[in-house]
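Contents: one structure, followed by commentary.
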Ligand SMILES: [Zn+2]
C-alpha cells in the first residue's frame, strides 16, 4: 500500500455523511436565476449564473456580515412557492449524491418560506417531497432538520412540527441565527418539550460566541449535538510543552461524546478561524472529540463535503483512516434509529472505505 494521501477525486467516491447543511445555502446558481424569473423576484445582483456564483462567493468572503446575510435574502427570496421548494430540495439531494454523500441531514427554517402565503405545513411537505424525488435511486438517504430562528419567537411551534413530522422524514430540530444577544435558553420551553417527546435536536452554538453559548446549549437546553462548537477550544489550554489541558466543559463534551458539527470553510468566512491549518479541528481530532466534517452553506462557501475533506487532507495530512473516522463519527451521531445507523456503517461506509484503501 502506498503512502499517497487521498485525492479529491478519490474522496468523491468515498461514502460520506453530512449532518450540517442549510437548504437555503446550497442552491445551484442557475436554479436561482430560473426561480427568480418564474416567481417574479427582481432583487438578484445579476442574472448570469456564472457571475452569480462568483458574486455569492465574494459576498461571503468579504468579511462583511451585511453582505454575507444579503446572500440569504436572495436564496430565501426565490424559495417562496411549493414548486421552488420541491425543486431546490430535489436538486440538493442530487448534488449531495453526486458528491458521494450516502446520508445527509439538511436543515432550513420553515418560517422563512411563508412570505407568499404557504403555511408551515405546506413548506415542510414540499421540502419532504423534493428530497423524496431527488434521492430516489441515487443511493442517498436525506433527513431534514427544522430550524427555528433564535431572534424570533416561534421555536415552540417549529418544535411541535418537528415532532409531528418525525416519522415521515423530519429527523430533528435546530436553532440558528445571531448568537450574541440571543442565548439558546431563550427557547427553553421548546427544548424541554422536545426532551419530553424523546425528540432529537442540535443547537448552533460556539461559532462566533464563546463558551457560555456552548454551556447553555448542553447543560440548560440538553442539545444532542453542537452546530459548529469550535469555541470549545477556549476551554483547552495548551501549555509550553504542548500538553493540552481540558477545562471542565471541554472534558464534559469529550467524555459524553457530544458531536461537534464542524464546518471549516464556513468558519474561515465568518472569522471563527484564520486558516484551515489553524482551525481547531486539528487539535480536537487529535484529542478524539466526536468531530464531524460539514459544509454549512455549499453555495456561499463554494464547497462540498469532498472538498472540505480534501482541504483537511492538505492541511493536516489526514489519510483514509482519518476520513473514515470522521465519517463513522458522523453516522454514529445522526438522528436516525440505531439499527439504521449500524446498517450504514457496516454495510456501506466501512466496505466503501475498505475498497478505496485497497486501491490506494
Ligand atoms: Zn449552520
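Numbering (this note's numbering), first residue to last: 4 to 363. Ideal Cβ positions, reconstructed from N, Cα and C, are used throughout, including at glycine.
Contact between residue 92 and residue 130 holds, since their C-beta atoms are separated by about 5 Å, short of 8 Å.
A straight-line Cα-Cα distance of about 30 Å links residue 331 and residue 128. In the three-state DSSP reduction, residue 205 falls in the strand class (E or B). Counting only beta-carbon distances shorter than 6 Å to the non-hydrogen atoms of ligand 1, the qualifying residues in chain order are 23, 25, 179, 207, 230, 299. The continuous stretches of alpha helix (DSSP H) do not include residue 47, and DSSP gives it neither H nor E.
Per DSSP, residue 30 is not a residue of any alpha helix (DSSP H), being assigned neither H nor E.
Among the bridge pairs identified by DSSP, residue 247 is matched with 241. Within 10 angstroms of the beta-carbon of residue 314 lie 16 or more other beta-carbons, which makes it buried. Across the set 199, 25, 255, 355, the C-alpha of 25 shows the shortest separation from the C-alpha of residue 107.
The beta carbons of residue 164 and residue 217 sit no closer together than 8 Å. 8 Å or more divides the Cβ of residue 78 from the Cβ of residue 62.
In summary, residue 274 is exposed, with fewer than 16 beta-carbon neighbours lying within 10 Å of its beta-carbon over all protein chains present. Listed as beta-bridge partners of residue 265 by DSSP are 296. Non-local beta-carbon contacts of residue 53 in its own chain, meaning distances under 8 Å to residues more than five positions away in sequence, involve 32 in chain order. Judged by beta-carbon spacing, residue 194 lies beyond the 8 Å limit of residue 148, meaning their Cβ atoms are not closer than that value.
CA-to-CA, the gap between residue 30 and residue 99 works out to about 11 Å.
When only Cα atoms are considered, residue 250 and residue 84 end up about 48 Å apart. Between the region 101-116 and the region 64-73, the count of C-beta pairs closer than 8 Å stays below three; the two stretches do not touch. Within the model, the alpha-carbon separation for residue 277 versus residue 21 is close to 23 Å. Distance from the CA of residue 96 to the CA of residue 142, rounded to the nearest whole angstrom, comes to 10 Å. Here residue 361 is exposed. Its C-beta has fewer than 16 other C-beta atoms within 10 Å. In the structure shown, the three-state DSSP call for residue 111 is strand. With fewer than three CB-CB distances shorter than 8 Å, the region 40-51 does not count as touching the region 166-175.
Per DSSP, reduced to three states, the secondary structure at residue 152 is strand.
The C-beta distance from residue 153 to residue 181 rounds to 7 Å, short enough to meet the 8 Å contact threshold.
For residue 119 and residue 94, the gap between their C-alpha atoms comes out near 22 Å. The beta carbons of residue 355 and residue 9 sit no closer together than 8 Å. Fully contained in the region 282-326 are the following beta strand (DSSP E) runs of length 3 or more, in chain order: 294-296. Looking from the CA of residue 213, the closest CA among 15, 115, 186, 348 belongs to 186.
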